[in-house]
Amino acid sequence: MERTLIIVKPDAVQRGLIGEIIRRFENRGLRIAGMKFMQVSRDVAARHYAEHEGKGFYEGLIDYITSAPVVVMALEGKDAIAIARNTIGKTKPIEAAPGTIRGDFGMEVGRNLVHGSDKPESAERELGIFFDGSELYDWTRDVDPWIFEG
Ligand code: DAT
Ligand code: MG
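Following the working numbering, the numbering of the sequence shown begins with 1 at its first residue and continues without gaps.
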């Protein structure tokens, strides 16, 4: 089992897409291990997006992610990181396939609706920024044997 950090970004919250986006991850089979509604501070945003510091889009990215509340989630499952990334779609909505979240709802890279961790080390680092261990739950769903082979 793997865990990934998902952020339903400010544009998605403002557009009333929280339920739609969570539904897509739930339908896929990912299990929620933690979830909260919050506004990201500039300090937390800088830690989360540290790899992008110095890039041309960095300041706009920090302004965007801190501009209004978000929903942060820890989702889990076998290959959860890659599964969530392909449910989200490519970074630039113009390149994102229809059927993905960005491909169905996005127009611009700076308003691309959702974040998902890109690899196990990122997931571990990002989950540590947004969640205390006590906020993440180990549990099983009755349907898990019908979603996970074993
Ligand atoms: P992703 O969110 O798909 O993991 P990333 O980690 O490369 O993409 O970049 C983080 C965010 O930064 C991305 O969701 C939107 C923004 N971003 C990335 N590349 C950009 C660019 N070329 N122009 C503007 N914003 C960009
Ligand atoms: Mg990324």
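Note that CB positions come from ideal geometry on N, CA and C, so glycine has one too.
Model, not experiment: these values are computed from the prediction.
| query | result |
| --- | --- |
| Would you mind working out which of Val-44, Gly-99, Ile-81, Gly-54 sits nearest Glu-20, comparing C-alpha positions? | Gly-99 |
| Going by CA-CA distance only, name the one from Lys-55, Gly-34, Arg-102, Ile-22 that's closest to Asp-132. | Gly-34 |
| Residues in the same chain with beta-carbon distance under 7 Å from Ala-96, minus the five sequence neighbours each way, listed in chain order, please. | Gly-89, Lys-90, Arg-102, Gly-103, Gly-106 |
| For Ala-84, collect the residues of the same chain with a Cβ closer than 7 Å to its Cβ; drop the 5 residues on either side in sequence, then sort them by chain order. | Thr-4, Ile-6, Phe-25, Leu-30, Leu-75, Gly-116 |
| My guess is that Val-8 and Val-70 are in contact by the Cβ rule of under 8 Å, so how many angstroms apart are they, rounded? | 6 Å |
| Rounded to the nearest angstrom, what separates Phe-37 and Val-72 at their Cα positions? | 7 Å |
| For Gly-116, does the three-state DSSP call read helix, strand or coil? | strand |
| Quick check on this structure: which residue in Arg-28, Ala-45, Lys-55, Arg-23 has the alpha carbon closest to the alpha carbon of Leu-127? | Ala-45 |
| Tell me whether Asp-118, by its Cβ, gets closer than 7 Å to a heavy atom of the ligand MG. | yes |
| What first and last residue would you give for the alpha helix (DSSP H) that runs through Ala-45? | 42–48 |
| Where does Pro-69 sit, in a helix, a strand or coil, going by DSSP? | coil |
| In whole angstroms, give me the CA-to-CA distance for Arg-141 and Gly-54. | 43 Å |
| Taking Val-114 as the reference, which of Ile-18, Ala-82, Ala-80 has the closest Cα? | Ile-18 |
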